[in-house]
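S.K.: The structure is given below, and queries will be raised subsequently.
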Amino acid sequence: MTDVHATGLKLPIASRRDTVRGLLATLRRRRGLVVLALLTLCAGVGAALAAPWIIGRMVDDIVAGGGSLLGSGLALAGSLTLGALLTWGGRVLLARLGQATVREVRESAFRTALAQPTARIEAAGTGDLVARLSGDVRAVGQVVEEALPAFLTALFGVALSLAGMGLLDWRFAVAALVAAPLQSFSLRWFLRRSAPVYRAHRVVVAERSQRTIEAVRGVDTVLALRTEEKHLERIAEASEEGIALEVRATQVRNDFNVFLNAAELLGLAAVLMVGYVLVTRGDVELGAASAAALYFLGLFGPMGTLLFRIDDLQDAGASLARLFGVIGMPSPQEREHVATPRRGAIDVHGLGFSHRPAQHDLDAVSLSAAPGEKIAVVGASGAGKTTLARVLAGALPVQEGLVRHDGVGIEDWHPHDLRDTVAMLSQEPHVFAGTVRDDLCLFSDADDDRLQLAIEQVGAGWILRLPDGLDTVIGEAGHPLTPGQAQHLALVRVALSEASVVILDEATAEAGSVDAALLDGAALAAIGARTGVVIAHRLSQAVTADRILVMRDGRVVQSGTHEGLAAMPGPYAELWAAWTRW
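The numbering of the sequence shown is this note's numbering, which starts it at 200 and goes up by one.
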């Protein structure tokens, strides 16, 4: 998709044209179900609308002093029954179509979001993405279940009712259309005023979600700094803005209803007047006039539903635009060939990166790592260590310079191949809900024997001693794990990975003094014979590395072995002296 726009770093929102194009492309994959659902629904509405015509015939029979009305009564009951059955069937088919479409859109948006660079999602704010994949999907789903069937039923009802009135006498249809100008005006008036309100409301909901997620994730810091009231005020501010927009939307809807009622009154008066004139002149029978009046009275509900449901469809359209905005983001094409065996060589030349203009987080960084070499990166906080790790892993783009894995520029790697090649573990590993086996097998197809081998490799035997071993349920609602255990579990996942390069970004930083030595050894074991880049939180991790890089202000200021750097005056010797004093 092309016509997407974004505000600042927010995720893009698809244009109306691209939203319609994407929706039609999704529906075309189910064109058979689309045709069957619409035909069934239309047939049901048509069968039910035979009732006014039958009643008109009954009126003529009564006026003419005819005999039994049993046949007409049975026909009336039959039309209503058949209409109800067909309408029910059409709604079921439509619900099946709608839910399948919503599922595909949701999965496509989720798949595209996962394919994005981590920095892109973080810059936009995870609250916006969560709001789209939850609130917007829910809004579309509700419209599919309720508003869309009602809208299409009303649309067919209006069209067939006008056709029925035209068949009785074309002047009835013309009289009914007297209300159309007022209805058209009210609809345009409503859309002009409601569209900006709905768009603003979606943005506010996303902002409220983002503020809530930030406060919950950083709850310990919030409590420690005693900033609870500040965060609550920010969330309340967004909530109040959302409430104000909801009230505004309700006011617009109420004004819209006033216009609709006036249009219905005008149209009914016109049909009754035309019917009176035509019957008086003998142009039509009383039954035909009665049927025309019934058809127009039958238009009240469908026409109101038709116009009022545009409100819901517009709301769903705003949600779809946000979802297709995510789907339209660039994502990698399928791999055309299987990746060649990887060695794990890294070459970096003149690497530069800035999170903000005029601020160099990385400045002319150059380094190389031979296959199987272990490199530790040390330095004070803010030296650029994590930024370097994320660029090497492909989580941040290369802004200046060159980064090669196995002689190939990182930008030339297919993202899937790069993720298979480079495994990165950060300071806060996520514990996925489910069993331990589920958690470990999310990124590999390992059987129990291989799982146990990896567990033994990193010295995580405690996993097998959990209440149910590999079948122990963990996560928020399961068996609690300490921060150290969560990191140990993540190292088992790293050991199971077939990546040729392992990057550990302070991956054992959460460990207490008791677990530190255990996790440092587990980290080395998880890397094994592969190339390793360790952003060292403790200098004890650097001692065992083949080479140490010391960073300061985004630059590599020293490089060498532990023994050589410790014996040489400079930043590393100062760090080591401070470390060994404790």
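Backbone N, C-alpha and C define an ideal beta-carbon position, used for all residues, glycine too. None of the values given here were measured: they were computed from a predicted structure.
Tell me whether the region 572 to 588 and the region 662 to 670 touch, counting them as touching only if at least three CB pairs, one residue from each stretch, are closer than 8 angstroms.
M.R.: The region 572 to 588 is not in contact with the region 662 to 670.
S.K.: For Leu347, tell me which candidate among Leu296, Ser333, Ser393 and Gly365 has the shortest Cα-Cα distance.
M.R.: Ranking the options by Cα distance to Leu347, first place goes to Leu296.
S.K.: Which same chain residues end up closer than 6 angstroms to Glu303 when comparing Cβ atoms and leaving out the 5 residues on each side of it in sequence?
M.R.: These residues qualify, in order along the chain: Thr225.
S.K.: Could you tell me which uninterrupted alpha helix (DSSP H) segments, each at least 4 residues in length, are contained entirely in the region 275 to 349, listed from first to last along the chain?
M.R.: The region 275 to 349 contains these whole alpha helix (DSSP H) runs: 317 to 323, 325 to 330 and 336 to 341.
S.K.: On the DSSP letters alone, give me the boundaries of the beta strand (DSSP E) that Met623 sits inside.
M.R.: Counting along the chain, the beta strand (DSSP E) containing Met623 begins and ends at Val621 to Leu624.
S.K.: Span of the beta strand (DSSP E) holding Gly549?
M.R.: Ile545 to Phe552 is the extent of the beta strand (DSSP E) around Gly549.
S.K.: Since I believe Ala379 is in contact with Val470 (beta carbons under 8 angstroms), could you give me their beta-carbon distance rounded to a whole number of angstroms?
M.R.: Contact flag wrong, Cβ pair sits at about 13 angstroms.
S.K.: Counting only the same chain and skipping the five closest in sequence on each side, list residues whose C-beta sits under 6 angstroms from that of Arg290.
M.R.: Pro348.
S.K.: Measuring only the C-alpha atoms, how far is Glu406 from Ile212?
M.R.: If you take the alpha carbons of Glu406 and Ile212, they lie about 15 angstroms apart.
S.K.: Tell me which same chain residues have a C-beta within less than 8 angstroms of the C-beta of Ala448, skipping the five on either side of it?
M.R.: The residues are Ser393, Val396, Tyr397 and His400.
S.K.: Note down, in chain order, each residue of its chain lying with its Cβ closer than 6 angstroms to the Cβ of Ala724, except the 5 sequence neighbours on either side.
M.R.: Taken in chain order, the residues that qualify are Gln656 and Val657.
S.K.: Should Ala722 go down as buried or exposed, given a rule of 16 or more other Cβ atoms within 10 Å for buried?
M.R.: Burial call: buried.
S.K.: I'd like the list of long-range same chain contacts for Val377, defined as Cβ closer than 8 angstroms, with 5 residues on each side in sequence excluded.
M.R.: The residues are Leu465, Gly466 and Ala469.
S.K.: Are the region 544 to 562 and the region 425 to 441 touching by the rule of at least three beta carbon pairs closer than 8 angstroms?
M.R.: Judged by Cβ distances under 8 angstroms, the region 544 to 562 makes no contact with the region 425 to 441, as fewer than three pairs qualify.
S.K.: Closer than 8 angstroms by C-beta to Gly207: which residues in its own chain qualify, once you throw out the five before and the five after it? Chain order, please.
M.R.: Bear in mind that the predicted position of Gly207 carries a pLDDT of just 44, short of 50, making it unreliable; the figure below should be weighed with that in mind. Counting only Cβ-Cβ distances below 8 angstroms, and skipping sequence neighbours, we find nothing.
S.K.: In terms of DSSP beta bridges, what is Ile734 paired with?
M.R.: Ile734 pairs with Val576 and Asp704.
S.K.: Buried or exposed for Val203, going by 16 or more other Cβ atoms inside 10 Å?
M.R.: Note that Val203 scores 40 on pLDDT, short of 50, meaning its location in the model is unreliable; the coordinates nonetheless yield the value given after this. With 16 or more Cβ atoms within 10 Å of its Cβ, Val203 is classed as buried.
S.K.: Could you confirm whether any beta carbon from chain D is found closer than 7 angstroms to the beta carbon of Pro395?
M.R.: Absent here is chain D; the protein component of the structure consists of one chain.
S.K.: Suppose only complete runs of 4+ residues qualify. What are the alpha helix (DSSP H) ranges in the region 434 to 490, listed by chain order?
M.R.: If we require 4 residues or more, the region 434 to 490 turns out to have no alpha helix (DSSP H) run fully inside it.
S.K.: Is Ser565 helix, strand or coil by DSSP?
M.R.: Looking at Ser565 - three-state DSSP - the assignment turns out to be strand.
S.K.: Applying the criterion that 16 or more other CB atoms from any shown protein chain within 10 Å of the CB defines a buried residue, is Asp560 buried or exposed?
M.R.: Answer is buried; the Cβ neighbour count reaches 16.
S.K.: Taking the alpha-carbon positions, what's the Met200 to Gly593 distance?
M.R.: Confidence at Met200 is low in this model, with a pLDDT of 39, below 50, so its placement is unreliable and the value that follows should be read with caution. Taking the straight line joining both Cα atoms gives about 24 angstroms.
S.K.: Give me the Cα-Cα distance between Leu669 and Val701, rounded to the nearest whole angstrom.
M.R.: So the two alpha carbons sit approximately 25 angstroms from each other.
S.K.: Does the beta-carbon of Glu345 have 16 or more other beta-carbons within 10 angstroms, so that it is buried, or is it exposed?
M.R.: Per the 10 Å Cβ criterion, exposed.
S.K.: Rounding to the nearest angstrom, what Cα-Cα distance links Thr767 and Ala741 in this structure?
M.R.: Looking at the sequence shown, residue 767 is not Thr but Met. C-alpha separation (whole angstroms): 16 angstroms.
S.K.: His687 to Gly674, Cα distance in whole Å?
M.R.: Between His687 and Gly674, the C-alpha separation is close to 15 angstroms.
S.K.: In this structure, what does DSSP give as the bridge partners for His604?
M.R.: His604 pairs with Ile545 and Val607.
S.K.: Report the rounded CA-to-CA distance for Ala308 versus Leu332, giving the unit in angstroms.
M.R.: If I take the Cα positions, the gap works out to 8 angstroms.
S.K.: Thinking C-beta only, is Leu386 closer than 7 angstroms to Ala372?
M.R.: Cβ atoms of Ala372 and Leu386: not closer than 7 angstroms.
S.K.: Mapping the DSSP letters down to three states, classify Arg401 as helix, strand or coil.
M.R.: Helix.
S.K.: Do the CB positions of Ile574 and Arg729 come within less than 7 angstroms of each other?
M.R.: No.
S.K.: Out of Arg636, Ala588, Leu703 and Tyr494, which has the shortest C-alpha to C-alpha gap to Ala247?
M.R.: Per the Cα distances, Tyr494.
S.K.: Roughly how many angstroms lie between the CA atoms of Ser518 and Gly763, to the nearest whole one?
M.R.: If you take the alpha carbons of Ser518 and Gly763, they lie about 60 angstroms apart.
S.K.: If Leu367 and Ala250 are in contact, beta carbons under 8 angstroms, what's the gap, nearest whole angstrom?
M.R.: Not a contact, Cβ separation roughly 14 angstroms.
S.K.: With DSSP run on the structure shown, which of helix, strand or coil describes Ser699?
M.R.: Coil at Ser699, not helix or strand.
S.K.: Within its chain, find whatever has a CB closer than 6 angstroms to the CB of Arg754; leave out the 5 residues flanking it on each side and keep chain order.
M.R.: So the qualifying residues of the chain are Asp562.
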